[in-house]
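Novice: According to the working numbering, the sequence shown is numbered sequentially starting from 2.
Where is the CB? At the ideal position from N, CA and C, for every residue including glycine.
Below are the structure tokens for one structure; questions will follow.
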Amino acid sequence: MMWLVQMLQDKLRGTHAAATCQYPVTMQGKSLTAMTETDFHCKKPKITEDPHDVEVTFGGTVFFTCKAEGDPVPDIVWMRDSNEINMGDPRYSKLSDGTLMIENTADSDVGVYECMAKSPAGEAKSRAAKMHYQKTKEKPHFRRTPLDQEVEQGSTVRLYCAALGQPHPDITWSHDDIPIVPGDRLQISSDNTLTISNVQREDAGSYKCSAANFVGRITSVAYVKVNVVPSFTTHPENLTLKTGGLAELKCAADGSPAPIITWFKDGRSVVAGGRISFSSTG
Numbered sequence: 002m003m004w005l006v007q008m009l010q011d012k013l014r015g016t017h018a019a020a021t022c023q024y025p026v027t028m029q030g031k032s033l034t035a036m037t038e039t040d041f042h043c044k045k046p047k048i049t050e051d052p053h054d055v056e057v058t059f060g061g062t063v064f065f066t067c068k069a070e071g072d073p074v075p076d077i078v079w080m081r082d083s084n085e086i087n088m089g090d091p092r093y094s095k096l097s098d099g100t101l102m103i104e105n106t107a108d109s110d111v112g113v114y115e116c117m118a119k120s121p122a123g124e125a126k127s128r129a130a131k132m133h134y135q136k137t138k139e140k141p142h143f144r145r146t147p148l149d150q151e152v153e154q155g156s157t158v159r160l161y162c163a164a165l166g167q168p169h170p171d172i173t174w175s176h177d178d179i180p181i182v183p184g185d186r187l188q189i190s191s192d193n194t195l196t197i198s199n200v201q202r203e204d205a206g207s208y209k210c211s212a213a214n215f216v217g218r219i220t221s222v223a224y225v226k227v228n229v230v231p232s233f234t235t236h237p238e239n240l241t242l243k244t245g246g247l248a249e250l251k252c253a254a255d256g257s258p259a260p261i262i263t264w265f266k267d268g269r270s271v272v273a274g275g276r277i278s279f280s281s282t283g
């Protein structure tokens, strides 16, 4: 409509025309030639202050500022990652000047923020602003530590270890203070769980989980005991002796825990005493 006003005022001053305004309501009945641009309230929104990148600590409060002008006064709408923000979330508030306030910030709040100024005359979008967490220094601390275990030979052992810190700590494993190299029977998963398959006697010992970053280092130790079924390493042999001679029968066994050797004669256990004695090796 403004074009008609300008034409009537500038080019058709000698022309008789009957035209009155019906909208806005405040201008109803007013002669078009007596109106100015401001009477039409049709100035498109314009962003006068863009939001800026912010750095926030977990659980903190953050503010994004956005200011705009226009006629009529535009409404400020906030977007995160190109989606309009649900202001029903009690942590989100839009202040009277259009500033977005976010309280008790969480991981889900991280993203790219924009504001839009909207009115019947049009809309305008601000520059994008990013929210990211402030990187603080934090010594590692364990969330989970390995536990002592007693297992049977041939079974599977899982030792758990998890830690937090800033930067996120690196976790390493060692067996009897020797760094563990993953192989066929030893695997370290993405969550740092150590799995030992088909456990053997040599797998017994201490297992140390270490969590470290440039701020500090912590360790936790667990012990694995492997029970091994006894097996003979030396069998007694048949002997032929003269009456009154010395008979020495040898027997040795291996296992974990160390097996106790018992002798039998004709199905009955043999007890040391008199002419019978046992050596410390069985």
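Pick out whichever of L160, T58, A163, D204 has its Cα sitting closest to the Cα of I179.
Specialist: D204
Novice: Could you please give the first and the last residue of the uninterrupted beta strand (DSSP E) stretch that includes M102?
Specialist: Counting along the chain, M102 sits inside the beta strand (DSSP E) bounded by residues 101-103.
Novice: What is the residue span of the beta strand (DSSP E) that G71 lies within?
Specialist: 68-72
Novice: Tell me where the beta strand (DSSP E) around V227 begins and ends.
Specialist: Residues 217-235.
Novice: When you compare only the Cα positions, how much space is there between M80 and E124?
Specialist: 14 Å
Novice: Report the rounded CA-to-CA distance for Y24 versus K44, giving the unit in angstroms.
Specialist: Residue placement at Y24 is poorly supported in this model, since its pLDDT is 49, which falls under 50; the coordinates are not used for a value here.
Novice: Roughly how many angstroms separate the alpha carbons of C67 and L96, rounded to a whole number?
Specialist: 10 Å
Novice: Which residues mark the beginning and the end of the beta strand (DSSP E) in which S175 is found?
Specialist: 171-176
Novice: Take the Cβ of P46 as the centre, count every other Cβ of all protein chains shown within 10 Å, and call the residue buried at 16 or more, exposed below.
Specialist: buried
Novice: Cα separation between C22 and A118?
Specialist: Here the model assigns C22 a pLDDT of 48, short of 50, so the residue's position is not dependable and the matter cannot be decided.
Novice: In this structure, does DSSP put C22 in helix, strand or coil?
Specialist: Residue placement at C22 is poorly supported in this model, since its pLDDT is 48, which falls under 50; the coordinates are not used for a value here.
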